[in-house]
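Under the UniProt record's numbering, the residues of the sequence shown are numbered 1 to 650, in order.
Below is one structure, written out as structure tokens; the observations come after it.
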Amino acid sequence: MKGVEMSKATHEQLTAINSAVRRLVVQACPGAGKTFTLREYALVRPSERILYLTYTKSLQTEAEGKFPQNVECRTTHSLAWSFGRRFKDAGKLGDLRPSDFARAFGIEIGFASILVTTVTSFLFSADTDFEPHHVPDTIAEADVAETLKWGRLAWEAMQDLGRKNVPMPHDGYLKLFQLSKPDLSRRYDRILFDEGQDANPVTTSIVLAQNCPVVIVGDRYQAIFAFRGAVNAMDMIQPDETVYLTQSHRFGPGIARLATMLLSAFRGEERPVYSAFPDRPTGYTVDVSKPYAVIGRTNAKLFDKAVAMLGNKRLHFVGGLSNYPFDKLVDVWNLMSGQPAAVKDQLLKTFGSLEKLEEYATGVDDKEILSLIGVVKEYRSAIPSLVERIKAEAVEQAEHADVLLSTAHRAKGLEFSQVLLLDDFEDFVTANGELLTLDTPELVQELHLLFVALTRAEDVIELNAQMQDIIAILGDRVPEAQPTPGERSTEQVGEQLGQIPGFDYVPVVYTCDVAENVTREQKAPVVALAQVPVSFPPSRTSRSERSISESARIGRSPWPSCVPRLPLPNKQEILMHAGQVSMSNGVTIDVVQQETGAVLLEFGRAGNYTGLLMAGNTRDEVLAKLGELTALVAALPQTAQAEEPALAGA
1 MKGVEMSKAT
11 HEQLTAINSA
21 VRRLVVQACP
31 GAGKTFTLRE
41 YALVRPSERI
51 LYLTYTKSLQ
61 TEAEGKFPQN
71 VECRTTHSLA
81 WSFGRRFKDA
91 GKLGDLRPSD
101 FARAFGIEIG
111 FASILVTTVT
121 SFLFSADTDF
131 EPHHVPDTIA
141 EADVAETLKW
151 GRLAWEAMQD
161 LGRKNVPMPH
171 DGYLKLFQLS
181 KPDLSRRYDR
191 ILFDEGQDAN
201 PVTTSIVLAQ
211 NCPVVIVGDR
221 YQAIFAFRGA
231 VNAMDMIQPD
241 ETVYLTQSHR
251 FGPGIARLAT
261 MLLSAFRGEE
271 RPVYSAFPDR
281 PTGYTVDVSK
291 PYAVIGRTNA
301 KLFDKAVAML
311 GNKRLHFVGG
321 LSNYPFDKLV
331 DVWNLMSGQP
341 AAVKDQLLKT
351 FGSLEKLEEY
361 ATGVDDKEIL
371 SLIGVVKEYR
381 SAIPSLVERI
391 KAEAVEQAEH
401 ADVLLSTAHR
411 AKGLEFSQVL
421 LLDDFEDFVT
431 ANGELLTLDT
441 PELVQELHLL
451 FVALTRAEDV
461 IELNAQMQDI
471 IAILGDRVPE
481 AQPTPGERST
491 EQVGEQLGQI
501 PGFDYVPVVY
511 TCDVAENVTR
521 EQKAPVVALA
531 QVPVSFPPSR
541 TSRSERSISE
551 SARIGRSPWP
561 SCVPRLPLPN
571 KQEILMHAGQ
581 VSMSNGVTID
591 VVQQETGAVL
601 LEFGRAGNYT
611 GLLMAGNTRD
621 EVLAKLGELT
631 ALVAALPQTA
641 QAEEPALAGA
């Protein structure tokens with residue numbers, strides 16, 4: 001059995017499996033088979049006692065069903081449970097809330113919130129004592145020392161089993177475990193540390209302090225939990241060897257190119273993401289008659305989407321309804337409607353009014369509360385009934401749902417056949433049509449969130465406005481050809497219809513309705529345009545949408561928006577390809593005629609020309625589109641002029 005499984009390993013995976021170094025880092029792209037790689041790594045070391053360590057219970061449970069008997073699968077908190085049990089027995093285990101600190105210490109709720117942030121930052125850190133960098137940047141320099149004093153006071157109260165009004169969170173007993181300097185090498189010969197990109201410093205310090213070989217696996221571009229203190233453990237270690245798993249078994253070359261585009265343009269990554277299936281097609285419009293996933297950046301946008309589908313689709317919220325703040329929406333509405341006594345959330349209850357809550361949220365930049373307020377202001381008195389309908393109509397099991405709704409954070413580690421991206425992600429194209437410079441850690445995290453959401457798709461990815469904007473910019477560029485993959489990667493070039501030669505920052509595009517049973521011969525009419533760089537159109541709300549002439553508006557494509565379009569090609573490209581396609585199908589379009597050239601130019605520059613020519617798969621469909629183009633040309637006033645002189649010999 002072991003030999004059979006090993007025969008499935010790629011050259012990249014085998015390099016990691018057979019590595020004998022003490023400090024190994026494995027950088028794995030989405031769908032690269034990191035769990036398979038770790039399992040095989042353990043299988044070839046049957047005599048060793050190996051610890052598989054991760055930060056979530058779901059990953060631990062999944063690993064337990066896959067790893068051999070010599071591997072013990074644990075979460076970081078389960079390792080520290082010997083420190084946590086006494087707080088549970090004392091009834092002190094619970095989340096840190098500003099309201100608890102406010103009552104316990106007699107302080108204002110605003111300062112209590114700052115104190116929670118300070119203590120939480122200390123718990124996540126590798127530090128042994130409170131330091132100035134644990135205090136939020138919003139605090140004046142003169143007040144930092146006083147805040148640190150309160151932080152130490154709060155930490156002492158959290159450890160006091162008699163102070164039941166000051167809870168100890170799970171990360172608190174993990175901190176105590178780290179401070180005890182545990183020696184895991186007495187129990188384990190080797191540690192496999194999964195999802196290293198999202199480990200917090202306290203966990204990383206525990207792992208790296210051990211006197212045994214360590215393997216850290218993850219993807220630095222899927223690091224999305226910095227808001228809760230996570231850091232990339234892969235960057236904190238000095239590895240003896242780094243192995244890159246660049247070959248995804250999740251999606252085809254279309255999504256692989258989009259993923260590479262993001263990493264190359266915004267993060268300077270030089271290694272492309274490859275697909276293990278070079279002939280696998282990618283769709284760009286969700287088939288709503290089949291199950292699909294909707295991934296958004298915020299809970300507020302997911303609420304909007306859920307409301308729009310009530311009564312029409314069976315909805316499932318990934319991770320469970322309890323993990324989405326719908327009850328808080330009702331609480332915020334109760335504050336807005338002057339019913340503070342009806343508020344259930346203890347933090348929200350302390351404010352008494354929407355005005356005070358909004359003032360607080362704005363002052364501390366609490367994005368979650370601000371987004372909740374925005375939703376409540378939009379739906380107002382309808383909030384309670386809408387929340388009840390969502391709860392009543394949502395299904396518990398994902399397999400019973402028509403639509404799965406998830407934030408990008410909760411979608412991490414999952415995959416779906418079809419994915420629709422919502423338009424609430426960060427805008428990475430400026431109002432001037434330039435790519436945004438990621439000059440803050442927060443913007444880097446936002447890019448990673450978009451990358452994670454994009455790479456959840458297996459077969460179909462319906463792009464949002466943010467991705468369309470990016471492609472509209474990068475599609476105009478002609479970067480260097482994609483490096484030919486070596487023996488440790490999957491070949492990406494070949495016989496795929498519509499593929500752009502080299503690496504051209506663009507997805508492989510067939511058409512909206514491409515089907516597996518459509519033969520290569522039936523698709524042949526679109527081959528003449530296969531060498532034209534294509535991009536997706538900016539959305540109507542895109543900040544980078546270009547103005548177009550009236551003749552182009554007249555010719556706006558009536559076909560679905562997923563049809564590929566030319567990104568501002570020159571006139572020669574437009575006319576030459578129009579001539580090629582028309583002649584190959586026995587249709588005459590006089591591309592030299594001034595009026596025809598004018599219309600073709602406008603169609604192309606507005607992004608509609610290829611929409612007319614490539615909206616179908618068969619020869620008859622292409623001929624029909626050519627006929628419509630000819631009719632549009634004939635209907636134009638004879639005074640129409642091209643913006644450039646017509647080509648004499650196109």
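C-beta: ideal position from N, C-alpha, C; glycine also.
Each of Asp129, His249, Gln466, Ala140 was checked against the Cα of Ala9, and the nearest Cα belongs to His249. Linking Phe105 to Arg163 through their CA atoms gives a straight-line distance of about 11 Å. Boundaries of the alpha helix (DSSP H) harbouring Ala300: 299-309, taken from the DSSP string. Close CB contacts of Thr242 within its chain, under the 6 Å cut and outside five residues either way in sequence, are with Val25 (chain order). DSSP, reduced to helix, strand and coil, places Arg74 within a strand of the structure shown. By the Cβ-count criterion, His316 is buried, with 16 or more other Cβ atoms from all chains shown falling within 10 Å of its own Cβ. The criterion of a C-beta distance shorter than 8 Å is satisfied by Gly172 and Leu123. Closest by C-alpha distance to Ala28, out of Gln466, Gly320, Thr203, Val452, is Val452. Under DSSP, His316 forms a beta bridge with Leu404.
Spanning the alpha carbons of Asn464 and Val330 requires a straight line of approximately 29 Å.
Straight-line measurement puts the Cα of Gln247 at about 22 Å from the Cα of Ala20. For Arg39, the closest of Leu192, Ile470, Ala226 by C-alpha to C-alpha distance is Leu192.
Taking 3 residues as the shortest admissible run, the segment 229-267 contains the following complete beta strand (DSSP E) segments, listed from N- to C-terminal end: 241-245. Per DSSP, reduced to three states, the secondary structure at Leu438 is coil, with no helix or strand assignment. Within the same chain, Cβ atoms closer than 7 Å to the Cβ of Val307 are found at Leu386, the five residues on either side in sequence being excluded.
Contact annotation: the segment 143-161 touches the segment 87-106, with at least three C-beta pairs closer than 8 Å. Distances from the CA of Lys175 to each of Asp219, Thr61, Leu161, Asn200 were compared; the closest alpha carbon is that of Asn200. Between Ala276 and Glu446, the alpha-carbon positions lie close to 27 Å from each other. Counting of Cβ neighbours within 10 angstroms places Asn299 among the buried residues, the total reaching 16 or more.
With contacts defined as CB atoms closer than 8 Å, Leu370 and Thr362 qualify as a contacting pair. Counting along the chain, Asp331 sits inside the alpha helix (DSSP H) bounded by residues 326-336.
Taking every protein chain shown into account, the CB of Pro132 has fewer than 16 other CB atoms within 10 angstroms, so this residue is exposed. Excluding its 5 nearest sequence neighbours in each direction, Pro384 has C-beta neighbours in its own chain below 8 Å: Val330, Trp333, listed in chain order. Restricting attention to Met261, Ala42, Lys313, the CA atom closest to the CA of Gln468 is found in Met261. Around the beta carbon of Leu179, fewer than 16 other beta carbons lie within 10 angstroms, which makes this residue exposed. Cβ-Cβ distances below 6 Å link Ala63 to Tyr52, Cys73 in the same chain, with the five nearest sequence neighbours on each side left out; the list follows chain order. Between Thr282 and Ile461, the C-beta gap is smaller than 8 Å, which places the two residues in contact. In this structure, the CA atom of Phe177 is about 17 Å from the CA atom of Leu161. When secondary structure is reduced to three states using DSSP, Glu368 falls in the helix class.
For Asn70, the closest of Leu14, Gln466, Arg190, Thr56 by C-alpha to C-alpha distance is Arg190.
In this structure, the beta-carbon distance from Gln238 to Arg22 does not fall below 8 Å. Contact check between the segment 431-441 and the segment 207-216: fewer than three CB pairs, one atom from each, fall below 8 Å, which does not count as touching. Going by beta carbons, Leu449 and Ile224 fall inside the 8 Å limit. By DSSP's assignment, Leu14 forms no beta bridge with any residue.
Its chain contains Ser99 as the residues whose beta carbon lies nearer than 6 Å to that of Gln346, once the 5 sequence neighbours on both sides are disregarded; these appear in chain order. CA-to-CA, the gap between Glu48 and Ala142 works out to about 54 Å.
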